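The sequence shown begins at 0 in numbering that gives the first Met the number 0 and counts up one residue at a time.
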Amino acid sequence: MTANNEEYYINLDNLFLLGDSAGGQLTQQYPTIASNPNYQNLFDFQVPNIQFNAVGLNCGVYYIGNNIGSPDDFPYYLDGKMTDQLKAQLPVEQYISTNFPPAFVMTSSHDFLRESSIQFGQFLISKGSEVYFKIYQNPDGTPLNHVFHIDQKSSIARKCNLDQLDYFSKHIH
(Lines of atoms letter the chains of each structure in order from A and count residues from 1; the text may use other names and numbers.)
(Lines give C-alpha, C1' and ligand atoms only; values in the text may rest on other atoms or scores of the structure.)
Protein backbone atom coordinates (compact mmCIF):
# COMPACT_ATOMS: atom_id res chain seq x y z
CA MET A 1 0.00 0.00 0.00
CA THR A 2 2.72 2.48 0.93
CA ALA A 3 4.88 1.48 -2.05
CA ASN A 4 2.04 1.95 -4.54
CA ASN A 5 -0.07 4.64 -2.93
CA GLU A 6 0.31 7.11 -5.80
CA GLU A 7 -0.50 4.55 -8.48
CA TYR A 8 -3.70 3.55 -6.67
CA TYR A 9 -4.58 7.07 -5.44
CA ILE A 10 -4.28 6.15 -1.77
CA ASN A 11 -3.97 9.14 0.52
CA LEU A 12 -1.77 7.86 3.34
CA ASP A 13 -2.87 10.80 5.50
CA ASN A 14 -6.49 9.62 5.40
CA LEU A 15 -6.61 5.89 6.08
CA PHE A 16 -9.66 4.16 7.48
CA LEU A 17 -10.10 0.50 8.23
CA LEU A 18 -13.28 -1.42 8.88
CA GLY A 19 -14.28 -5.01 9.29
CA ASP A 20 -17.29 -7.13 10.06
CA SER A 21 -17.46 -10.18 12.36
CA ALA A 22 -14.05 -11.92 12.26
CA GLY A 23 -12.93 -9.00 10.10
CA GLY A 24 -13.79 -6.77 13.06
CA GLN A 25 -11.20 -8.64 15.09
CA LEU A 26 -8.62 -8.16 12.33
CA THR A 27 -9.59 -4.48 12.18
CA GLN A 28 -8.94 -4.31 15.91
CA GLN A 29 -5.63 -6.16 15.66
CA TYR A 30 -3.88 -4.41 12.78
CA PRO A 31 -4.16 -0.85 14.18
CA THR A 32 -2.92 -2.26 17.49
CA ILE A 33 0.11 -3.69 15.69
CA ALA A 34 0.64 -0.40 13.83
CA SER A 35 0.31 1.76 16.96
CA ASN A 36 2.20 -0.29 19.56
CA PRO A 37 5.89 -1.03 18.87
CA ASN A 38 6.01 -3.65 21.64
CA TYR A 39 3.16 -5.57 20.01
CA GLN A 40 4.64 -5.03 16.56
CA ASN A 41 7.81 -6.83 17.67
CA LEU A 42 5.80 -10.03 18.24
CA PHE A 43 5.12 -10.41 14.51
CA ASP A 44 7.43 -11.64 11.79
CA PHE A 45 6.43 -9.16 9.09
CA GLN A 46 7.41 -5.58 8.35
CA VAL A 47 4.77 -3.07 9.40
CA PRO A 48 4.66 0.11 7.33
CA ASN A 49 4.68 3.40 9.17
CA ILE A 50 0.97 4.15 8.88
CA GLN A 51 -1.75 5.29 11.21
CA PHE A 52 -5.50 5.06 10.75
CA ASN A 53 -7.74 8.10 11.12
CA ALA A 54 -10.52 5.87 12.47
CA VAL A 55 -11.70 2.28 12.44
CA GLY A 56 -15.11 0.66 12.01
CA LEU A 57 -15.70 -2.40 14.18
CA ASN A 58 -18.94 -3.99 13.01
CA CYS A 59 -20.47 -6.92 14.89
CA GLY A 60 -16.93 -8.01 15.73
CA VAL A 61 -15.53 -10.84 17.75
CA TYR A 62 -13.03 -9.74 20.38
CA TYR A 63 -11.07 -11.21 23.28
CA ILE A 64 -9.75 -14.10 21.22
CA GLY A 65 -7.20 -15.93 23.30
CA ASN A 66 -8.76 -15.29 26.69
CA ASN A 67 -8.75 -19.05 27.10
CA ILE A 68 -5.04 -18.89 26.38
CA GLY A 69 -3.46 -22.23 25.75
CA SER A 70 -6.67 -23.63 24.35
CA PRO A 71 -7.33 -23.74 20.62
CA ASP A 72 -10.99 -24.17 21.61
CA ASP A 73 -11.18 -20.40 22.10
CA PHE A 74 -11.63 -19.89 18.35
CA PRO A 75 -10.53 -23.13 16.68
CA TYR A 76 -11.10 -22.30 13.02
CA TYR A 77 -9.21 -19.03 13.45
CA LEU A 78 -6.26 -20.62 15.23
CA ASP A 79 -6.13 -23.66 12.94
CA GLY A 80 -6.53 -25.94 15.94
CA LYS A 81 -3.10 -25.01 17.32
CA MET A 82 -2.01 -22.60 20.03
CA THR A 83 1.64 -21.86 19.32
CA ASP A 84 3.93 -19.94 21.66
CA GLN A 85 3.83 -17.07 19.18
CA LEU A 86 0.02 -16.94 19.31
CA LYS A 87 0.08 -17.15 23.09
CA ALA A 88 2.26 -14.04 23.11
CA GLN A 89 0.06 -12.19 20.59
CA LEU A 90 -3.32 -12.89 22.18
CA PRO A 91 -5.50 -11.51 23.52
CA VAL A 92 -5.02 -8.33 21.50
CA GLU A 93 -6.68 -6.15 24.13
CA GLN A 94 -3.64 -6.32 26.41
CA TYR A 95 -1.67 -4.40 23.76
CA ILE A 96 -4.17 -1.67 22.97
CA SER A 97 -2.66 1.66 23.94
CA THR A 98 -3.80 5.26 23.97
CA ASN A 99 -2.58 5.39 20.35
CA PHE A 100 -5.50 3.22 19.18
CA PRO A 101 -7.47 5.18 16.57
CA PRO A 102 -10.97 6.56 17.09
CA ALA A 103 -13.46 3.73 16.76
CA PHE A 104 -17.00 3.30 15.49
CA VAL A 105 -18.18 0.16 17.31
CA MET A 106 -21.58 -1.27 16.51
CA THR A 107 -23.65 -4.37 17.01
CA SER A 108 -27.32 -5.24 16.85
CA SER A 109 -30.11 -6.32 19.15
CA HIS A 110 -29.91 -10.00 18.17
CA ASP A 111 -26.26 -10.28 17.11
CA PHE A 112 -24.81 -13.46 18.59
CA LEU A 113 -21.59 -11.46 19.20
CA ARG A 114 -23.41 -8.53 20.82
CA GLU A 115 -21.91 -9.01 24.29
CA SER A 116 -18.39 -9.09 22.86
CA SER A 117 -18.99 -5.77 21.08
CA ILE A 118 -20.50 -4.20 24.19
CA GLN A 119 -17.57 -5.33 26.32
CA PHE A 120 -15.03 -4.12 23.77
CA GLY A 121 -16.72 -0.75 23.32
CA GLN A 122 -16.67 -0.26 27.10
CA PHE A 123 -13.03 -1.36 27.19
CA LEU A 124 -12.03 1.28 24.62
CA ILE A 125 -13.92 3.96 26.53
CA SER A 126 -12.13 2.94 29.75
CA LYS A 127 -8.79 3.35 27.91
CA GLY A 128 -9.73 6.92 27.04
CA SER A 129 -10.23 6.19 23.35
CA GLU A 130 -12.67 8.15 21.25
CA VAL A 131 -15.57 5.75 20.67
CA TYR A 132 -18.93 5.95 18.96
CA PHE A 133 -20.87 2.93 20.20
CA LYS A 134 -24.34 1.87 19.16
CA ILE A 135 -26.59 -1.16 19.37
CA TYR A 136 -28.91 -1.00 16.37
CA GLN A 137 -32.42 -2.42 16.60
CA ASN A 138 -35.50 -2.54 14.46
CA PRO A 139 -38.12 0.02 15.53
CA ASP A 140 -40.79 -2.70 15.64
CA GLY A 141 -38.68 -4.93 17.89
CA THR A 142 -38.20 -7.72 15.35
CA PRO A 143 -34.80 -9.42 15.51
CA LEU A 144 -31.88 -7.59 13.96
CA ASN A 145 -29.15 -10.15 13.51
CA HIS A 146 -25.40 -10.39 13.00
CA VAL A 147 -23.94 -8.21 10.20
CA PHE A 148 -27.38 -6.80 9.44
CA HIS A 149 -25.78 -3.75 7.84
CA ILE A 150 -24.88 -5.61 4.64
CA ASP A 151 -28.56 -6.00 3.69
CA GLN A 152 -28.86 -3.38 0.95
CA LYS A 153 -32.65 -3.37 1.16
CA SER A 154 -32.81 -2.60 4.89
CA SER A 155 -33.46 0.94 6.08
CA ILE A 156 -31.74 0.23 9.41
CA ALA A 157 -28.69 -1.08 7.53
CA ARG A 158 -28.65 2.13 5.51
CA LYS A 159 -28.90 4.18 8.71
CA CYS A 160 -25.98 2.28 10.24
CA ASN A 161 -23.80 2.67 7.15
CA LEU A 162 -24.57 6.39 6.93
CA ASP A 163 -23.76 6.77 10.64
CA GLN A 164 -20.40 5.11 10.05
CA LEU A 165 -19.73 7.23 6.98
CA ASP A 166 -20.58 10.37 8.96
CA TYR A 167 -18.22 9.29 11.75
CA PHE A 168 -15.40 8.69 9.28
CA SER A 169 -16.02 12.02 7.51
CA LYS A 170 -15.38 13.81 10.81
CA HIS A 171 -11.90 12.25 10.88
CA ILE A 172 -10.70 13.25 7.42
CA HIS A 173 -7.66 15.51 7.53
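Every residue, glycine too, gets a C-beta built ideally from N, C-alpha and C. The structure displayed is predicted, hence computed values, not measured ones.
Judged by beta-carbon spacing, S153 lies beyond the 8 angstroms limit of C58, meaning their Cβ atoms are not closer than that value.
In the three-state reduction of the DSSP assignment, V146 falls in the coil class. Between the alpha carbons of N48 and F99 lies a distance of about 14 angstroms. For L25, the enclosing alpha helix (DSSP H) starts and ends at 21 to 34. Rounded to the nearest whole angstrom, the C-alpha separation of Q45 and P30 is 14 angstroms. Within the DSSP secondary-structure output, I134 pairs in a beta bridge with T106. Of all C-beta pairs linking the segment 23 to 37 to the segment 96 to 114, three or more are shorter than 8 angstroms, placing the two stretches in contact.
Within its own chain, the residues whose Cβ lies closer than 8 angstroms to the Cβ of L14, once the five positions on either side in sequence are excluded, are I49, Q50, F51, N52, listed in chain order. By the neighbour-count criterion, in which 16 or more other beta carbons inside 10 Å mark a residue as buried, Y38 falls on the buried side.
Considering only L143, K126, N160, K133, the residue with the shortest C-alpha distance to H109 is L143.
Beta-bridge annotation (DSSP): V54 is paired with L16, A102. Remark: C-beta atoms of F132 and V104 approach each other more closely than 8 angstroms. If you compare the alpha carbons of Q151, Q27, R157 with that of G18, the shortest gap goes to Q27.
Between N137 and I155 the beta-carbon gap is near 6 angstroms, inside 8 angstroms, which marks them as a contact.
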